[in-house]
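Inspection log for the structure reproduced underneath, given as structure tokens.
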Amino acid sequence: MHNSYYFLRHLSRSIDENINGMKLTECFTQNKNELILGFTSPTKTFYIKAHLQNDFCALDFPDNFSRSKRNSVDLFKKITHKRVLSIRQYLNERCFSINFEKNHTLLFKMHGNRSNILLFKNNELIERFNHQLKNDDTININSLDRPLDQSKEALISNEGDYKVLYPTFDKHIHQYIDDLDYHSKSIPDQWEVLQTVESELLNSTFYVDLKNGKPIFSLLPSSPESESYSDPILAVNTFFQSYIKQSSLLKEKQQINSILNGNINRTKSYIKKSSNKLHTLTSHTHYSQWADIIMANLHLVQPHTKEVVLQDFYNELNPITIKIKPTISPQKNAEIYYRKSKNQKIETNKLQESIDVKMQQLLILETHHKTINEFDDFKKLRNYLKEHQLTKAKREAKEVPKPYLNYHKDGFDIWVGKNSKHNDTLTQKLSYKEDLWLHAKDVSGSHVLVKHRSGQVYPKHVVTYAAQLAAYYSKRRTDSMCPVIYTPKKYVRKLKGAPSGAVMVDKEQVTLVTPLRKEEL
């Protein structure tokens, strides 16, 4: 609450004691919503740093400040090197001003997410820090004082509604008054409560509570653990530094937790899907049994039949129907089922291995998640992230996805555009003139590049594989055969005004390939 009217009364008085008679020697911004003012005299310097974010409005007063060589812009140049004459706190208003020579006034309007700093000359607005707050153009600096009747008679006439008398009280003060059972008291007793509270607010004691995670600043004692200060600048600096540390800690936790939660959810999803698949595989172990039954009954299998009914000696000699290929012998059908059984076992073992690995990864991720949320020190959190290489995961999460899929074949990189817009990026911006460019003939599809390797020709099997990729990532994916054109990238050009992905191709050759199947990717 350190932007409350009552605190600003104390703070503006302290600022006046520090900068009255000094000159403003620098006034600049180097971060959005942040303004730094530097005042000097022959014996000292004094800095005011204003933070006017939508979610956090505050002033702090660093002992020194190193200006960045880049992204730094001077503001309010008309008052640079002007002398401070006085500080004015406006009555019942969360505003104060620094009055300079030559009739210049710098107004600090501390209104939460509508805070701003405005420069007046001869009481006319000439410059504002936040240009988005256009209503500030109507501010009349001569009418900011708000005289209010805060007498006992006014309280009686308003039937004890103190908010009419004290509109500058914020939610912390309201809560403090509620805790004193204000509304259950008679009006004379209510008046005494208000006098006690106002006396506390006008007293030069400031409380900063750092024990509950989020720092709390107050003019009223908030808890026995609160630290008390008599200097408003020292108090607000203590609060600000703690708030920034806690905000940085919370932001860091949120960022890494977002990554961890994503990885945890993906890992759980993988385990669930793989476990379901494993269950399906292990509950259908009949391939080897079918093969055994066929081999034991070769004499009963009629030629050119698509299925055969035989006795299942694995299941009390019950009849079982087994599908077979009519164009091959019973022995060959049995071999196929034996091979499927073998492949099934291999797949089952690999699935189980993958599930075990993912379970270990999930345990590690959940341990990180729990440990990170227990940290209350920013530096220790950073060290933990670095030690466990989680900063790398955070960095990778910020990386912009590439506009292509990357495949490899015998040392050659093969890039496949993800969509028509990415096709343009791939072909026009990311290609080299000697790259080999491919595309399914006469249908829409992805642009494909086989990246050039100095001194090497493109092997025929690499070109074929790239062509199969081009066929798969096209409208002819399901065709048995697909013609694919290919040519060096230098013979591919885009015409002005052509739609995304559309190009003109010269000197192309054509190859006929079978599109890759999904499981072959």
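The working numbering puts the sequence shown at residues 862 to 1382. C-beta: ideal position from N, C-alpha, C; glycine also.
Exercise. Using DSSP with H/G/I as helix, E/B as strand and the rest coil, what is Y857?
Worked result: The structure shown does not extend to residue 857, since the chain is modelled only from 862 to 1382, so the question has no answer here.
Problem set entry | Enclosing alpha helix (DSSP H) for D1285 [first to last residue] | For D1285, the enclosing alpha helix (DSSP H) stretches over residues S1281 to D1285.
Problem set entry | Own chain residues within Cβ distance below 8 Å of K1312, not counting five before or after | Annotation for K1312: F1273, D1274, I1275, W1276, Y1293 and D1296 place their beta carbon closer than 8 Å to its own, counting only its chain and skipping 5 residues before and after.
For this session: Check whether the Cβ atoms of N881 and V934 lie closer than 9 Å to each other.
Result: No; because the gap between Cβ atoms is not below 9 Å, this pair is not in contact.
Exercise. Under the rule that 16 or more other beta-carbon atoms within 10 Å means buried, what is A1157, buried or exposed?
Worked result: Exposed, by the Cβ-count rule.
Problem set entry | Bridge-paired residues (DSSP) for S1335 | Under DSSP, S1335 takes part in a beta bridge, and its partners are G1306.
Exercise. Does the distance from the C-beta atom of V1097 to that of L872 stay below 9 Å?
Worked result: For V1097 and L872, yes; Cβs fall inside 9 Å.
Exercise. Cα-Cα, which of H1145, N1176 and T1141 is closest to I1154?
Worked result: The shortest Cα separation from I1154 among H1145, N1176 and T1141 belongs to N1176.
For this session: Find out if the Cβ-Cβ distance for the pair I1230, N1118 is shorter than 9 Å.
Result: The sequence given here places His at residue 1230; Ile does not occur at that position. It is a contact, given that the beta carbons lie within the stated cut-off.
Problem set entry | Contact set for W1151: own chain, Cβ-Cβ below 6 Å, skip 5 residues either direction | Leaving aside the five residues that flank W1151 on each side, the residues in its chain whose CB is nearer than 6 Å to its CB run, in chain order, I1183 and Y1198.
For this session: For the beta strand (DSSP E) containing M960, list its first residue and its last residue.
Result: According to the sequence provided, residue 960 is Asn. The question's Met does not apply to it. Taken as a continuous stretch (DSSP letters only), the beta strand (DSSP E) holding N960 covers C956 to F961.
Problem set entry | Secondary structure of G1316, DSSP reduced to three states | In the structure shown, G1316 adopts coil according to DSSP, grouped into three states.
Exercise. Between S865 and the rest of its own chain, which residues show a CB-CB distance below 6 Å, the 5 nearest in sequence each way excluded?
Worked result: Closer than 6 Å at Cβ, skipping near neighbours: D1031.
For this session: For A1332, count neighbouring C-beta atoms within 10 Å of its own C-beta (all shown protein chains included) and say buried if the count is 16 or more, exposed if not.
Result: Flag for A1332 reads buried.
For this session: Would you check if the distance between the CB atom of S947 and the CB atom of I1002 is smaller than 9 Å?
Result: No.
Exercise. Taking the alpha helix (DSSP H) that V1054 falls in, what are its first and last residues?
Worked result: First-last of the alpha helix (DSSP H) with V1054: I1048 to L1063.
Exercise. Between which two residues does the beta strand (DSSP E) harbouring Y1245 extend?
Worked result: Premise fails: Y1245 lies in the alpha helix (DSSP H), F1239 to E1248, not in any beta strand (DSSP E).
Exercise. Can you give the Cα-Cα distance for L980 and Q993, rounded to whole angstroms?
Worked result: The straight-line gap from Cα to Cα measures roughly 15 Å.
For this session: Could you have a look at E878 and say whether DSSP puts it in helix, strand or coil?
Result: Three-state result, E878: helix.
Exercise. Would you say the segment 1162-1172 touches the segment 1121-1141, given that touching needs at least three Cβ pairs under 8 Å?
Worked result: Contact between the segment 1162-1172 and the segment 1121-1141 is not established, with fewer than three Cβ pairs separated by less than 8 Å.
Problem set entry | beta strand (DSSP E) segment containing S1089, residue limits | Start and end: E1088 to Y1090.
Exercise. Considering only the beta carbon of each residue, do L936 and T904 sit closer than 9 Å?
Worked result: Their beta carbons are not under 9 Å apart, which means L936 does not touch T904 by this criterion.
For this session: Give the DSSP-derived three-state secondary structure of A1301 in the structure shown.
Result: Strand, per DSSP.
For this session: Can you give me the start and stop residues for the beta strand (DSSP E) that F969 sits inside?
Result: Segment H965 to K970, the beta strand (DSSP E) holding F969.
Problem set entry | Start-to-end residues for the beta strand (DSSP E) that takes in T1128 | That residue, T1128, is in no beta strand (DSSP E); its alpha helix (DSSP H) goes P1093 to T1143.
Problem set entry | Best match in T1339, L1026, H1044 and P1344 for proximity to K1379 [C-alpha to C-alpha] | Comparing Cα positions, the closest option is T1339.
Problem set entry | Bridge partner(s) assigned by DSSP for G899 | G899 pairs with E887 and Y908.
Problem set entry | Check whether F917 and I909 have beta carbons under 9 Å apart | F917 is not a Cβ neighbour of I909, given a cutoff of 9 Å.
For this session: Count the other CB atoms, across all protein chains shown, that sit within 10 Å of the CB of K1302; report buried if there are 16 or more and exposed otherwise.
Result: In this structure K1302 is buried. Its beta-carbon is surrounded by 16 or more other beta-carbon atoms within 10 angstroms.
Problem set entry | Rounded straight-line distance, which links the Cα of Y1245 to that of S1012 | Roughly 58 Å between the two C-alpha positions.
Exercise. For L1356, which residues of its own chain have a beta-carbon under 7 Å away from its beta-carbon, when the five flanking residues on both sides are left out?
Worked result: Only M1365 meet the Cβ criterion.
Exercise. Are D1092 and S875 touching if we call contact CB-CB under 9 Å?
Worked result: Yes. Within cutoff.
Exercise. What separation, rounded to the nearest whole angstrom, lies between the Cα atoms of P1082 and T906?
Worked result: CA-CA distance, P1082 to T906, rounds to 33 Å.
Exercise. How many angstroms separate the CA atom of K1186 from the CA atom of S1281?
Worked result: When rounded, the distance between both Cα atoms is 43 Å.
For this session: Determine the closest residue to D1006 out of T1232, I1017 and N953, with distance taken between C-alpha atoms.
Result: Comparing Cα-Cα distances from D1006 to each of T1232, I1017 and N953, the minimum goes to N953.
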